[in-house]
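Asker: Heads up: the sequence shown at position 162 corresponds to 162 in the UniProt record's numbering, and the numbers run straight through without jumps. Ideal Cβ positions, reconstructed from N, Cα and C, are used throughout, including at glycine. Just so it is clear, the structure is predicted and the values come from calculations on it, not from any experiment.
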Amino acid sequence: VNFTFSSMIPWSWLWRRGIVLLLVGVIIFSLFFNNPKPLRDPPVLKNAELPSNSTEALRNEKNISETTDITSKNAPITISSSQSTLCTPCSAEIACSSKRQSYIGESTSASYTKPPMEVAYRRELASTISYVERQITRMAGHRAVIDAKLALILRGLVEELDPRRVSLVSATYQLKPSYSFINKTRHVCPEVLMGRRYDHPYYQHGIESQNCSNVPKLSQVLSIILPAHSWRSAAVSFVISKIREVYDIPIIAVVSNVTRSQLRNKGVKIVVSNKNYSEGTVLNQLVKHSKTPFVFLGTSLSHFSNQSSLERLVRVLDEVDHVKVAGGAARDLKGHWIHGCLQVHIANYKASYKLGYYHSSNDCMHCDDLLTPFITTRKLINRIPFRDELNGPALYRDWFVRVREAGHLIVTCPDVMFFINSHIDVKYQNWLSFAQRWALQTVESYTGDRYKFPCEGIGIGCNKTHFITKSLLLPPCCIASAHHDIGMLVDFAESLGLDYELQAGSVLGAVKFGAFLPWDVDHDIYVNCKDFKKWSHQFSAFAKTYKCTPKIKYKNSFLKIMCPSFTLDILCRNQLSKKFLPLAYQNTSTHIWYGGRWTKVMSNPGLFSRNSLGYGILKHVQHSSHFTKTDRSRGYGKPGIWHPCKTPKHHSCLDRYPADGNLPFL
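#1: Is it the case that the Cβ atoms of G327 and I240 are separated by a distance below 9 angstroms?
#2: To the nearest angstrom, how far is it from the Cα of C653 to the Cα of L474?
#3: Which stretch, first to last residue, makes up the beta strand (DSSP E) that contains Y526?
#4: Would you give the residue range spanned by the beta strand (DSSP E) that T599 belongs to?
#5: Sort out for me which residues DSSP pairs F418 with in a bridge.
#6: Whole angstroms is fine: what's the gap from G606's alpha carbon to K578's?
#7: Determine, using beta-carbon pairs with one atom in the region 294 to 307 and one in the region 407 to 426, whether at least three such pairs fall under 8 angstroms.
#8: CB-CB under 7 angstroms to P476, same chain, minus the five flanking residues each way: which ones, in chain order?
#9: Can you give the Cα-Cα distance for E279 and H643, rounded to whole angstroms?
#10: Since R155 is in the alpha helix (DSSP H), which residue starts that stretch and which ends it?
#11: Along the chain, where does the alpha helix (DSSP H) that runs through Y396 open and close?
#12: Identify every residue that forms a DSSP beta bridge with I592.
#13: Using the C-alpha atoms, what's the distance from T137 back to T647?
#14: Per DSSP, what kind of secondary structure is residue 667 in: helix, strand or coil?
#15: Measure the alpha-carbon distance for P227 versus A253 and round it to whole angstroms.
#16: What whole-angstrom Cβ distance do I375 and L286 have, given they're in contact under 8 angstroms?
#17: Helix, strand or coil, according to DSSP, for W431 in the structure here?
#18: Please determine if the region 231 to 245 and the region 345 to 359 are in contact, where contact requires at least 3 C-beta pairs separated by less than 8 angstroms.
#19: Give me the DSSP bridge partner(s) of I146.
#20: Any idea which residues DSSP pairs H345 with across the strands?
#21: Give the C-beta separation of A329 and I338 to the nearest angstrom, bearing in mind that I take them to be a contact with Cβ-Cβ under 8 angstroms.
#22: Excluding five sequence neighbours on each side, which residues of the same chain lie with their C-beta closer than 8 angstroms to the C-beta of A148?
#23: Quick one, which of P518, Q622, L489, D569 has its alpha-carbon nearest D499's?
#24: Per DSSP, H339 is paired with what?
#25: Between the region 504 to 512 and the region 546 to 559, do at least 3 Cβ pairs fall closer than 8 angstroms?
#26: Rounding to the nearest angstrom, what Cα-Cα distance links C364 and L317 in this structure?
#27: At what residues does the beta strand (DSSP E) containing R387 begin and finish?
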């Protein structure tokens, strides 16, 4: 067979491999030896699309070009936290957060390096995400109302982690006031920013309503309801006359001492209040008889002017998703101004009120409650009416809680100012009415005052603790009752020099909370068998003075004492666990802080809990008596998993809380 040397060389294979090696070489050369391209020129920024009605973006662009020669360096330029830049093509200002630095590179849009986040910052983000996850988990698989505030929280996280997202929202809002009106009905004309120098230097005008013809008359959109039953006759007439100078819209006034003839020529519907009907009942009836989709509740008004723009509030209700109530700021007769935005946290039988806000939209603060006059929809009040049995400030506190409970959002727009007689001052009796409705033992007011109410005063009972702990935390007064029971036992033991030790769930509560577990149902105690006769006879008699009754006595080894709220399960042992301590310490029992006093416990309480209960003792789960075989087959009954709440709207449902850690409960 004849062949040549060239026929032995796989030319096609070498050709393919050669191409691959050449490409790899080009890539390596470009990475290590090629100079970066020059940065974009300032004209690129100058030619970016800018809002014609705003000079802010131009000034920011000028600051960049004057303070930084961006064509003279090839390395990335660090922007300090006080600088801003422009993002093409959105043409909006981006404020660089102090938590991170931004860099201008070769890209046409701002790019960001990602330095390591501080531990505290990461934990804060994790806590927020965990809260959202927990709320979603509660609703998964159930017919439930999704709180629109979860969307605000997630949006805030997105904007915090990527500031460019803030610019996208703000740019759209600045350039297109009607941005959210795809498939929506507009009730008032949109607004437009006239410019930074418009009405300089007092800026009583600047963002104005545009002229439009595709909206109904305001008289067909909005009615005013004045809860004026406590106003003087002259005050009612004065406020209505001032409203008429600005708006020709329907007015309904609830009065006690103003005759119809006094307001006959003012186009006002007068309703004389009846002492037999509550304020809530009257307001509900007035709203039902109004003919407009929106109603303004002018509580405590003393004056009215064009600074109280009702169109602005209607526009917000039109434009911002899920917002059903919009209020304004308020100035009282002393000249004291407040925005009136309250954040409310109701949990563990306590309500906390704080003035302030976490989120905003359309230059309005998102709130949970308002202290100022507001506009809402007639449909909302018909669906969530005011409580018939409530009056005064308690009426509104209760209504706002239920609006938020239904998943709707509430805002206040501080550029709208109402003139009122005095700011709301919620007294003890008002808070008591509110606490009775929501089973609250404590209210922390926005004024800094703290109000406490006894269980019997707000309708809470502790005689069905097993039923309560199926789904809910025990009320603080019930936990106090549990501590009272164990204090009775400790006092008896100390008076006679008897030994005892907390065990089982009692020692677990002591380890995790330094207190009775807020979902436990009994006390578990070991005593020395040589002292059992004293416990069964003398302690039983002693307990009766505390309204406790001995129920079960078993073979001189077990005693069950039934107290009004909890049971004391006393079991005797021949020796207590202090025998496992080093010899030098065996005469001194281990004590643990429990319910406000040092109490004897197993010699090593943490070790006892882990060995007796198994893995996961620091995570939480309801009492074992609450779980059936079916529950356990579904995964419930394990540490770290709460059984679903039977009344999911209750503020103290266990599954509203993380099933780990003690601080959320303290």
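Answerer: With the structure as the only source:
#1: no
#2: 10 angstroms
#3: 522 to 528 is the extent of the beta strand (DSSP E) around Y526.
#4: Residues 597 to 600.
#5: A330
#6: 14 angstroms
#7: yes
#8: Y349, Q441
#9: 40 angstroms
#10: 149 to 161
#11: 392 to 405
#12: T599
#13: Near 15 angstroms, if we compare the C-alpha coordinates of T137 and T647.
#14: With the chain running from 1 to 666 in the structure shown, residue 667 is simply not present.
#15: 6 angstroms
#16: I375 to L286, Cβ: 15 angstroms. No contact.
#17: helix
#18: no
#19: Paired residues: none, contrary to the question.
#20: S352
#21: 7 angstroms
#22: Cβ within range, chain order: D321, H322, G407, H408, L409.
#23: L489
#24: Beta-bridge pairing links H339 to no other residue.
#25: no
#26: 11 angstroms
#27: Taken as a continuous stretch (DSSP letters only), R387 belongs to no beta strand (DSSP E), as it is neither H nor E.
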